[in-house]
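Just so you know, the protein sequences line up as chains A and B, in that order.
Under the numbering used here, the first residue of the first sequence is numbered 156, with each subsequent residue one higher.
Under the numbering used here, the first residue of the second sequence is numbered 660, with each subsequent residue one higher.
The structure under discussion appears below in the form of structure tokens.
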Amino acid sequence: MFFKQTKGQKAFQVFNYCLLGLFGFATFYPFWYVLIASLNTGRDFARGGVYLFPREFTWENYALAFNDSRIFASLSISVFKTIIGVVTGVFFTMLMAYALSVKTLPGRNFFTFFWYFTTVFGGGMIPYYMLLRDLGLTKSFWLYITPAVYNFFNFLLMRTYFNNIPNELRESAELDGANDFAILFRIYLPLSMPVIATIALFVGVGQWNDWFTGAYYQSNQDLIPAATLLQKLLNEATASSNVKVGQESSALVMQSYTSQSLQMAFVMILTMPIVVVYPFLQKYYVRGVMIGAVKG
Amino acid sequence: MSKASALEYADRSEKSRRRKSLRKQIAMHKWLYLFIAPCIVWLLVFCYYPMYGATLAFKDYDYGLGITGSPWVGWAHFQEFFSSPDFWIVTKNTLIISGLKILFGFPAPIILALLLNEVRNRRFKRVVQTVSYLPNFVSWVVVVTLMTIIFSPYGGIVNTIRKANGLESIFYMGQKGSFYPITILSDIWKNAGWNSIIYLSALSGIDSQLYESALLDGAGKWQCTWHVTLPGIRETIGIMFIFAVGGILNAGFDQILLLQQPANMEISEILDTYVLKTGLNYGRFEYATAIGLFKSLFSLFMMVAANKFTKRYMEVGIW
Numbered sequence: 156m157f158f159k160q161t162k163g164q165k166a167f168q169v170f171n172y173c174l175l176g177l178f179g180f181a182t183f184y185p186f187w188y189v190l191i192a193s194l195n196t197g198r199d200f201a202r203g204g205v206y207l208f209p210r211e212f213t214w215e216n217y218a219l220a221f222n223d224s225r226i227f228a229s230l231s232i233s234v235f236k237t238i239i240g241v242v243t244g245v246f247f248t249m250l251m252a253y254a255l256s257v258k259t260l261p262g263r264n265f266f267t268f269f270w271y272f273t274t275v276f277g278g279g280m281i282p283y284y285m286l287l288r289d290l291g292l293t294k295s296f297w298l299y300i301t302p303a304v305y306n307f308f309n310f311l312l313m314r315t316y317f318n319n320i321p322n323e324l325r326e327s328a329e330l331d332g333a334n335d336f337a338i339l340f341r342i343y344l345p346l347s348m349p350v351i352a353t354i355a356l357f358v359g360v361g362q363w364n365d366w367f368t369g370a371y372y373q374s375n376q377d378l379i380p381a382a383t384l385l386q387k388l389l390n391e392a393t394a395s396s397n398v399k400v401g402q403e404s405s406a407l408v409m410q411s412y413t414s415q416s417l418q419m420a421f422v423m424i425l426t427m428p429i430v431v432v433y434p435f436l437q438k439y440y441v442r443g444v445m446i447g448a449v450k451g
Numbered sequence: 660m661s662k663a664s665a666l667e668y669a670d671r672s673e674k675s676r677r678r679k680s681l682r683k684q685i686a687m688h689k690w691l692y693l694f695i696a697p698c699i700v701w702l703l704v705f706c707y708y709p710m711y712g713a714t715l716a717f718k719d720y721d722y723g724l725g726i727t728g729s730p731w732v733g734w735a736h737f738q739e740f741f742s743s744p745d746f747w748i749v750t751k752n753t754l755i756i757s758g759l760k761i762l763f764g765f766p767a768p769i770i771l772a773l774l775l776n777e778v779r780n781r782r783f784k785r786v787v788q789t790v791s792y793l794p795n796f797v798s799w800v801v802v803v804t805l806m807t808i809i810f811s812p813y814g815g816i817v818n819t820i821r822k823a824n825g826l827e828s829i830f831y832m833g834q835k836g837s838f839y840p841i842t843i844l845s846d847i848w849k850n851a852g853w854n855s856i857i858y859l860s861a862l863s864g865i866d867s868q869l870y871e872s873a874l875l876d877g878a879g880k881w882q883c884t885w886h887v888t889l890p891g892i893r894e895t896i897g898i899m900f901i902f903a904v905g906g907i908l909n910a911g912f913d914q915i916l917l918l919q920q921p922a923n924m925e926i927s928e929i930l931d932t933y934v935l936k937t938g939l940n941y942g943r944f945e946y947a948t949a950i951g952l953f954k955s956l957f958s959l960f961m962m963v964a965a966n967k968f969t970k971r972y973m974e975v976g977i978w
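Here's what the structure looks like:
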């Protein structure tokens, strides 16, 4: 298509580029700002005026964060739960997506509906909590894994992908005597890498970011993940700022510099893996969402 | 015969050709049932059992007796909730926050998609898109921490600029007056980019011949947008609207939970956070369950109503 550019349209184009440029900047800058702030000494940062680059460069905030035993322990929990969550999530989603992509399976629509229904109606937070408690999950690491193994959206994504794999492949493998387990892992798995990558990332990012489960359902404080710990630090810091603002007594202010610096380093440690991984995998994510949008 | 019904016919005749008894069919697919079994168990335990647990809303919970054995009390918990002043405050807060989000947050990704669609420089477009999706991948706890640092009275950029202009520092995160702007803006900041994907994909699906013929008919840019582009994504807008209305009582649970401060509590307490507090912090399981159940049913009702509405006026629906 081709439009003749009138003056008004040219003005619109300029306006549009400026607006989108501004939006992009406003999205990116907060990350950059906290990154440089975390690389600046806390005392100097609190004077204000650090905008684009660190003024008094230092790694000490990161050293502080990694030497904090709570932070280190919570990061290990996060890493473990992300890895185990991804492996189990992808494995069980694959089984389910494969089974329900076989069109001759009796009861196929019933199973899909049986699952779909739980996405529009649920028992609510409290009965769910009581269940977790009665199963003993509230004191266990498996709290992060077992209840989060399946996700209807991820299942739909993978099933849609499997539906597009020609049925003949399955049928001929069946004639050669392969069972469904072999078909799934020898034929479907190698063909489905893009969708597996997408789902692995959805699950991984979800696991890494989830702070709520750790904060409200986990009763063993040694098992809280990094995102939950960040929330706790944030709460402590804001609670003390609430008291301190205005009355700038030096000891208290000094203390909040350090806690603020620690927070900045910690929040960057939590964000970095995502920022680093994200650009490489963007195309998978976007495609995944579009498949879901069209067929979901 | 239309293509679809021809296919259906072929499918059916094939089925009748290979018709076997159901038992044989099931035996043939035994592996598949093995694959499905863990999910069914999981659904029964983690989704359907809590639905049964929701009967607690009509009971007086006794730890020793369990959910099944606890005595029934009828609608008592609902009556208590509906007649308490908290009901009005919490429901009002939920609806105000959701309403503001629908009013400002719902059109944001549509506008963003329309603007991106006008960009001809592919590189620029890709950079803006890549950047704008990023916040979707970080946790709300990260977003709120970033905001706390940016708005910090100790060297945060906003207060530094205020001070440089002779104004005094404001503790934005702990101040009632800035709660709504912070909530709405951070919601747009985090979600608009990612949500625009779905509209962009709908936009790319519009037949370019429609634009060509509109141009031949002498339509200008704005007329094209109004008569071709917007009708082209109407269906997507409708479906997203149904989901937005269905989630009206959610109001962005974990965002709100993180933004709550003693100072803004009277406008920031929403249904979900209230359930959490009465249930987990004060241990009033039955009462909190009743509120949660009220919320679930109301959401379902809203979703059905929104579906009816869009079906009638926009000819799209999810059912």
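Just so it is clear, CB atoms sit at the ideal spot from N, CA and C, and this is done for glycine as well.
Given the structure is predicted, the values throughout are model-derived calculations rather than measurements.
To the nearest angstrom, how far is the alpha carbon of B/W848 from that of A/L384? 24 Å
Considering A/D365, what are the terminal residues of the alpha helix (DSSP H) in which it resides? Per DSSP, A/D365 belongs to no alpha helix (DSSP H) and is neither H nor E.
When DSSP labels each residue in this structure, what does A/F212 get in the three-state scheme? strand
Span of the alpha helix (DSSP H) around A/A181: 162-193
Out of curiosity, what's the CA-to-CA distance linking A/A254 and A/A201? 58 Å
Enclosing alpha helix (DSSP H) for B/T884 [first to last residue]: Unbroken run through B/T884: none, as it is neither H nor E.
Within the 7 Å Cβ cut-off, does B/W690 reach chain A? yes
In whole angstroms, what is the alpha-carbon distance linking B/D866 and A/G279? 44 Å
I'd like to know if A/N375 contacts chain B, where contact means its C-beta is closer than 7 Å to some C-beta of that chain. no
Sequence-distant residues of its chain with Cβ nearer than 8 Å to B/E827 (five each side left out): R821
May I ask you to verify whether the stretch 326-336 of chain A touches the stretch 298-316 of chain A, counting CB pairs closer than 8 Å and requiring at least 3? no
Cutting at 8 Å between CB atoms, please list the residues of its own chain near A/A392, excluding the five before and the five after it. S411, S414, Q415, Q418
Quick one: list the residues of chain B neighbouring A/W270, beta-carbon separation under 7 Å, in chain order. L702
Taking only beta-carbon positions, decide if B/Q684 is within less than 7 Å of chain A. yes
Who are the neighbours of B/E777 on chain A, taking C-beta pairs under 7 Å? N171
Own chain partners of A/Y372 with C-beta closer than 8 Å, once the 5 adjacent residues on each side are dropped: Y284, L287, L292, T293, L298
Determine which residues of the stretch 778-791 of chain B have a Cβ less than 9 Å from any Cβ of chain A, and write them out in chain order. V778, R779, N780, F783, K784, V786, V787, Q788, T789, V790, S791
Run through DSSP, which three-state label would A/K258 get? coil
Nearest to B/I979 by CA position, among B/Y792, B/I841, B/L693, B/F810, is which residue? The displayed coordinates of chain B run from 660 to 978. Any statement about residue 979 of chain B would go beyond what the structure contains.
For the stretch 329-355 of chain A, enumerate the residues whose C-beta is nearer than 7 Å to any C-beta of chain B, in chain order. N334, D335, F336
Please name the residue in A/L177, A/K165, A/V350 whose C-alpha comes closest to that of A/F310. A/V350
According to the neighbour-count rule (16 or more other Cβ atoms, all chains shown, within 10 Å of its Cβ), is B/K751 buried or exposed? exposed
Determine, using beta carbons only, whether A/F183 comes closer than 7 Å to chain B. yes
Is it true that the stretch 783-801 of chain B meets the stretch 175-191 of chain A, where meeting means three or more beta-carbon pairs spaced less than 8 Å apart? yes
Looking only at DSSP bridge pairs, what is B/K718 linked to? B/W731
Can you name the residues of chain B whose CB is closer than 7 Å to the CB of A/A201? Y813, G814
Under 7 Å, do A/L436 and A/L344 count as touching if we go by C-beta distance? no
Below 8 Å, can you find three or more Cβ-Cβ pairs linking the stretch 307-322 of chain A to the stretch 244-260 of chain A? yes
For B/F694 and chain A, any beta-carbon pair shorter than 7 Å? yes
For B/A965, would you say it is in contact with chain A, using Cβ-to-Cβ distances shorter than 7 Å as the test? no
Which runs of the alpha helix (DSSP H) at least 4 residues long sit entirely within the stretch 250-336 of chain A? Give them in chain order. 263-275, 280-289, 307-318, 322-330
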